[in-house]
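Participant: Please find one structure pasted underneath; my questions will follow.
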Amino acid sequence: MKMRRKIATAAVTMAVAGAGLVAGTGSAWAGSNGQQLQLDDASGMARSVMVSGENQYGQWTDKCFNVSPGSSTQLSGWWWKGNTYISVSSAPNCSGGYFYSRSVKVNKEQSWSDYQVVSAHYNN
């Protein structure tokens, strides 16, 4: 009986370890054809950001993200690469005028993270 329990425990341990390796490699693969963005709001005024650029499929797309003023917000679920444009608004849902716009060169590949950080400032 004890031998069966040891074999079962070893099998479960190996399965869990194998699942961890597979899960760990998934995020590295995801960062190899574009990056998600993280907006650092240095202005303290950002409520939304419009991102326009090429996605991981090579298609030009636009997406509005709501953010919290003065915070660092991960814009998850959307992958960008190449020349990408951000426009930051002090209104939610990209419904107001933009107080800050810039072009960002988004890395197609990076090994340290799936997020590329961009910051927003107030243009005087």
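Numbering (mature numbering (1 follows the signal peptide of the UniProt record, and there is no 0)), first residue to last: -30 to -1, 1 to 94.
Note that beta-carbon positions come from the ideal geometry of N, C-alpha and C, so glycine has one too.
Under DSSP, the beta strand (DSSP E) around W49 begins and ends at which residues?
Facilitator: Counting along the chain, the beta strand (DSSP E) containing W49 begins and ends at 42 to 59.
Participant: Report the three-state DSSP secondary structure of N63 (helix, strand or coil).
Facilitator: In the structure shown, N63 sits in a helix (DSSP, three-state: H, G or I).
Participant: Three-state secondary structure (DSSP) at S38?
Facilitator: Correct three-state label for S38: coil.
Participant: So, does the segment 4 to 18 touch the segment 48 to 56, judging by three or more C-beta pairs under 8 Å?
Facilitator: The answer is yes - the segment 48 to 56 touches the segment 4 to 18, with three or more Cβ pairs under 8 Å.
Participant: Going by CA-CA distance only, name the one from V21, S83, H91, G14 that's closest to Y55.
Facilitator: Nearest C-alpha to Y55: V21.
Participant: Helix, strand or coil for A16? Go by DSSP, reduced to three states.
Facilitator: In this structure, A16 counts as coil in the three-state DSSP scheme.
Participant: So who's on the other strand from residue 100, going by DSSP bridges?
Facilitator: The structure shown does not extend to residue 100, since the chain is modelled only from -30 to 94, so the question has no answer here.
Participant: Taking the straight line between their C-alpha atoms, what separation do you get for S57 and Q29?
Facilitator: So the two alpha carbons sit approximately 19 Å from each other.
Participant: Closest by CA to G52, which one among Q86, S41, S81?
Facilitator: Comparing Cα-Cα distances from G52 to each of Q86, S41, S81, the minimum goes to Q86.
Participant: Starting from K75, trace the beta strand (DSSP E) in both directions and tell me its first and last residue.
Facilitator: Note, K75: beta strand (DSSP E), 68 to 76.
Participant: Any idea what DSSP makes of G(-7), helix, strand or coil?
Facilitator: A caution first: G(-7) carries a pLDDT of 39, below 50, which makes its placement in the model too unreliable to give a value.
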